[in-house]
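These notes concern the structure reproduced below.
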Amino acid sequence: MSLKLLQLIAALAASAHGLAVPDSQGAAFSVDALPSTSEEFDPAAERQMLEAKYPATHGDIKEARSVKQSGSAKVKPASSGLSFFVPTVVGNQTFKLIYDTGSADLWVYSNESSPFQSLDHPTYVPTSSAELLKNYNWSIKYAFGSEVSGVVYTDTVKAGPVVAHKQAVEAATIIQAEFASDGILGLAFSTINTVQPKKQKTFFETLLPTLKKKVFAANLRLDGKPATWDFGYIDDTKFKGKIAYTPVVSQKYWSMNVSTYAIGKGSFTSSKKTVGEVLVDSGTSLVYLPEAVVNDYYSHIRGYKLLEGGSRTFPCNSTIPDFHFKIDSTTLSIPGRDVNYTVYDPAERTCVGAIQTQLNSKYSVLGNLFMRNYYVVHSREEATPKLGFAPH
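Under mature numbering (1 follows the signal peptide of the UniProt record, and there is no 0), the letters of the sequence shown match residues -18 to -1, 1 to 374, in that order.
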């Protein structure tokens, strides 16, 4: 029996709403995040895509505005909240992009690609604001060996009220995979940008000199309030309590060290049983943890089974425990209700768990299933970048 699951990755067209936060010392802005609609979600395909995104081993002059920028872009989440789209203007065209904290390329469908490859997507047509970077190219590997690649321009990119000038825009001429979004806007570190012969800055890095504060925040949520990406400021109306910060442990990804964990109402594990380095990735739907941790978690669920391919199923009426973990002295949680995220076999009334074994036996990843419960701050205010978390 093939595994068919729901994913909210289909397209929702929407206009961007910008909220400018006036401040003579800098800019702050927010852009809307739009949830995707229902579509079959294949966890095996996501795993393949992530293993291409995170290989088995670690690898290795902008135009500023006179008044600094800040604001917010609203995001519209999918019904399941497994992915979020952001209407973003590139040149003079609007694309619905996934803002991805796990990659560092900004790419869109191009008019130079085959019409069959770009079906149902707007395509980037360079205008007078664009400049081709001659002899520059890029290539990204995705699921099952598929590739997206093309040429590179610089152009204006606008999210909400804020504009990044001369931003590297990677125009896809070869697209060997299907995407619900019109492209990706990477927000990781430019050390992993794929442009050759010279890596290019990310959208956030281009904006840094123009922002009031060197931060952006993912406010991905499904509680009826607007989901947003906030740039240049922290909106204390969008979370409760104080933000708990922890240092980023990589200059490639927004990753952090997670110490001990607890399951349900159980005690936290000893210091010898830790989760380790974890990537916080808005371009990923589910949660991927070390196999020993995953096995421990599902052992607390009555009737769970391990399927070929690594997915775990259990009776849909099972009591699913919360998963708790610590960053420094702060406890963060994944609610059990979110782990039971879709039906596997309606006849047998079995469901599938959203906590999966980590990638390449190396990378643990916290995707949107985790992020949508927190206001997640990404800060480069200090020499060592930080991640911050506060509950909605």
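Built from N, CA and C at the ideal position, the CB exists for glycine as well. Note that the structure is a prediction, hence the values are computed from the model and not measured.
Original post:
Is any heavy atom in the ligand SAM found nearer than 7 angstroms to the beta carbon of V257?
Top reply: Of ligands this structure carries none, so the ligand SAM is not represented either.
Subject >> Contacting residues, own chain, Cβ-Cβ under 7 angstroms from A46 (five flanking each side not counted) >> reply: Locating residue 46 in the sequence shown gives position 64, counting from the first residue. With a pLDDT of 31 at A46, under the threshold of 50, the modelled position of that residue is not reliable, and the figure given next carries that caveat. These residues qualify, in order along the chain: P191 and T192.
Subject >> Straight-line Cα distance separating P229 from A365 >> reply: The residue you call residue 365 lines up with position 383 of the sequence shown. The residue you call residue 229 lines up with position 247 of the sequence shown. Computed Cα separation, rounded: 10 angstroms.
Subject >> Contacts around L114, its chain only, beta-carbon distance under 6 angstroms, and the 5 residues preceding and following it disregarded >> reply: Reading the sequence shown from its first residue, position 132 is the one you call residue 114. Within the same chain, L114 has close Cβ partners Y135.
**OP:** Examine chain C for any beta-carbon lying closer than 8 angstroms to the beta-carbon of Y286, and answer yes or no.
**Re:** Of the protein chains in the structure, only one exists, and it is not chain C.
**OP:** Would you check if the distance between the CB atom of A9 and the CB atom of K50 is smaller than 8 angstroms?
**Re:** In the sequence shown, residue 9 corresponds to position 27, counting from 1. In the sequence shown, residue 50 corresponds to position 68, counting from 1. Yes. Within cutoff.
Subject >> Nonlocal neighbours in the same chain, by C-beta distance under 8 angstroms from S95, ignoring five residues either side >> reply: In the sequence shown, the residue the question calls residue 95 occupies position 113. Taken in chain order, the residues that qualify are T105, G132, A154, T155, I156 and I157.
**OP:** Label N342 either buried or exposed according to how many other C-beta atoms from any shown protein chain fall within 10 Å of its C-beta, with 16 as the threshold for buried.
**Re:** Against the sequence shown, residue 342 aligns to sequence position 360. Label assigned to N342: exposed.
**OP:** Output the boundary residues of the alpha helix (DSSP H) element that contains D320.
**Re:** Taking the sequence shown and counting its residues from 1, the one referred to as residue 320 is at position 338. Unbroken alpha helix (DSSP H) run through D320: G318 to V321.
Original post:
Does the beta-carbon of K220 have 16 or more other beta-carbons within 10 angstroms, so that it is buried, or is it exposed?
Top reply: Counted from its first residue, the sequence shown places residue 220 at position 238. Classification of K220: buried, given that the 10 Å Cβ count is 16 or more.
Original post:
Helix or strand or just coil, what does DSSP make of F171?
Top reply: Residue numbering aside, residue 171 sits at position 189 when the sequence shown is read from its first letter. The answer is coil: DSSP assigns F171 none of H, G, I, E or B.
Subject >> Beta carbon of K196 nearer than 8 angstroms to that of R362 >> reply: Against the sequence shown, residue 196 aligns to sequence position 214. Against the sequence shown, residue 362 aligns to sequence position 380. Going by C-beta atoms, K196 is nearer than 8 angstroms to R362.
Original post:
On the three-state DSSP scale, how would you describe K35?
Top reply: Mapped onto the sequence shown, residue 35 falls at position 53. K35: helix per DSSP, three-state reduction.
**OP:** Might you give, ordered along the chain, the residues of its own chain that have their beta carbon closer than 7 angstroms to the beta carbon of E33, omitting 5 neighbours on each side?
**Re:** Indexing the sequence shown from 1 puts residue 33 at position 51. Cβ within range, chain order: L341 and N342.
Original post:
Relative to the C-alpha of C298, which residue among L64, T266 and V325 is closest?
Top reply: Looking up residue 298 in the sequence shown gives position 316. Of the listed residues, the one whose Cα sits closest to C298 is V325.
Subject >> Same chain, Cβ closer than 7 angstroms to V72, neighbours up to 5 away in sequence not counted >> reply: For the purposes of this step, residue 72 is taken as the residue at position 90 of the sequence shown. For V72, where only same-chain residues beyond five positions count, the Cβ hits under 7 angstroms are V90, Y106, D137, V139 and V151.
Original post:
Who are the Cβ neighbours of G370 in its own chain at under 6 angstroms, not counting the five residues just before and after it?
Top reply: Stepping through the sequence shown from its first residue, residue 370 is reached at position 388. Closer than 6 angstroms at Cβ, skipping near neighbours: I225, Y227 and V359.
Original post:
Just how far apart, CA to CA, sit F171 and F307?
Top reply: As a working mapping, residue 171 is identified with position 189 in the sequence shown. As a working mapping, residue 307 is identified with position 325 in the sequence shown. So the alpha carbons of these two residues sit roughly 25 angstroms apart.
Subject >> Limits of the unbroken beta strand (DSSP E) element including T228 >> reply: Within the sequence shown, the letter at position 246 stands for residue 228. That run of the beta strand (DSSP E) goes A226 to P229.
Original post:
Just checking, does the segment 349 to 359 make contact with the segment 252 to 268 on the three C-beta pairs under 8 angstroms criterion?
Top reply: yes
Original post:
Y118 to P303, Cα distance in whole Å?
Top reply: Here residue 118 refers to the residue found at position 136 of the sequence shown. Here residue 303 refers to the residue found at position 321 of the sequence shown. Looking at the two C-alpha atoms, the distance is approximately 50 angstroms.
**OP:** Classify F67 as helix, strand or coil using the three-state DSSP reduction.
**Re:** Locating residue 67 in the sequence shown gives position 85, where the first residue counts as 1. Looking at F67 - three-state DSSP - the assignment turns out to be strand.
Subject >> alpha helix (DSSP H) segment containing E187, residue limits >> reply: Walking along the sequence shown from the start, residue 187 turns up at place 205. F185 to L189 is the span of the alpha helix (DSSP H), which, as asked, contains E187.
**OP:** Give the single residue among F296, C333, T83 and E28 whose Cα lies nearest to the Cα of E187.
**Re:** Numbered from its first residue, the sequence shown carries residue 187 at position 205. Minimum Cα distance to E187 is reached at T83.
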